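Visitor: First the structure, then my questions, so here it is.
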Amino acid sequence: MDFSNELHDLNPRFWLSRYRKTSVLYLLKMGIFYLIIGLGLQQVGNSLAEHVIANYQVPSVPISMTMGLSSGPLEEIIFFGTPFYLNGNYLMVLAGGILWSLLHVFNTNNFTVTNLAYGSVFFTIPHIFFSLRTWTSGKGWFAVLFHTSWNLIVLGFQCTDGSKCIAIGNGMYFYLDLLAVFSSSFLTIVLYRVYRHNEKIHSQSQ
């Protein structure tokens with residue numbers, strides 16, 4: 111079997127380039143590759159924080175199923191899809207991905223140095239390249255689907271390991287969950303219209 115395409119795309123030298131192939135199976139293999147690296151880096155990040163920061167505690171923040179499922183499309187569209195379709199420059203997509211990754215440090219209930227989610231930042235670093243390459247390869251829908259599927263797996267573990275399984279938040283979090291669902295749906299429609307507009311312009315120029 112010929113794995114030259116896989117070996118090329120797994121090479122860090124080409125992590126800012128488009129994938130050589132874009133079949134669902136191929137993208138799934140790429141996603142799992144970056145996911146495995148992310149899980150390893152997460153352990154490294156947590157371990158470093160525990161050794162460097164006195165009294166550090168790895169944060170654990172249960173989120174509602176509503177927020178967990180809507181955050182995948184929302185994050186992908188805001189930080190990857192929008193920069194790509196509005197600008198088309200992969201560097202803008204990379205900047206959006208870096209910002210998205212850094213914001214994960216605030217996945218905690220306690221915004222102190224000893225409780226920030228450093229491991230989450232480490233975990234998301236490989237996903238920057240996966241999403242960037244998937245969007246620039248014209249398969250942004252797969253990045254959304256993969257991201258949402260991973261969130262669903264995490265939520266599944268959250269609901270089965272003794273943690274509280276929350277369908278939708280209470281109080282202020284109820285409105286935040288509704289806002290996330292609305293924003294995700296609205297931005298999906300807007301981005302699709304931008305995509306169709308760009309496709310129309312591209313076909314007319316040929």
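Just so it is clear: in the sequence shown, position 144 is 254 by my numbering, and no numbers are missing.
C-beta: ideal position from N, C-alpha, C; glycine also.
These numbers were taken from a predicted model, which means no experiment stands behind them.
(1) What is the rounded straight-line gap between the Cα of T322 and the Cα of T244?
(2) Give the C-beta separation of S180 and S313 to the nearest angstrom, bearing in mind that I take them to be a contact with Cβ-Cβ under 8 Å.
(3) Alpha carbon to alpha carbon, what distance is there between G178 and V264?
(4) Counting C-beta neighbours from all protein chains within 10 Å, is the total for H237 16 or more, i.e. buried, or is it exposed?
(5) Whose C-alpha, out of F239, V300, M111, is nearest the C-alpha of R121?
(6) When we look at the beta-carbon of D287 and count the other beta-carbons within 10 Å, is it buried (16 or more) or exposed?
(7) Here's the rule: buried if 16 or more other CB atoms are within 10 angstroms of the residue's CB, otherwise exposed. What is Q152?
(8) I need the straight-line Cα distance from T214 to M111, nearest angstrom please.
(9) Over the uninterrupted alpha helix (DSSP H) stretch that includes K131, give me the two end residues.
(10) So what does DSSP say about P172, is it helix, strand or coil?
(11) Taking the continuous alpha helix (DSSP H) assigned at Y166, which residues delimit it?
Guide: Based on what the coordinates show:
(1) It is not possible to answer for residue 322, since the shown part of the chain is limited to 111 through 316.
(2) Going by Cβ atoms, the distance from S180 to S313 rounds to 33 Å, so no, they are not a contact pair.
(3) Going from the Cα of V264 to the Cα of G178 covers about 9 Å.
(4) By the neighbour-count definition (other C-beta atoms within 10 Å, threshold 16), H237 is a buried residue.
(5) The question names Arg, but residue 121 is Asn in the sequence shown. Ranking F239, V300, M111 by Cα distance to N121 puts F239 first.
(6) Buried, since its Cβ has 16 or more Cβ neighbours within 10 Å.
(7) buried
(8) The question names Thr, yet the displayed sequence has His at residue 214. Spanning the two alpha carbons is a distance of roughly 39 Å.
(9) Where K131 is concerned, there is no enclosing alpha helix (DSSP H), because DSSP gives it neither an H nor an E.
(10) coil
(11) It is not in any alpha helix (DSSP H) - Y166 carries neither H nor E in the DSSP assignment.
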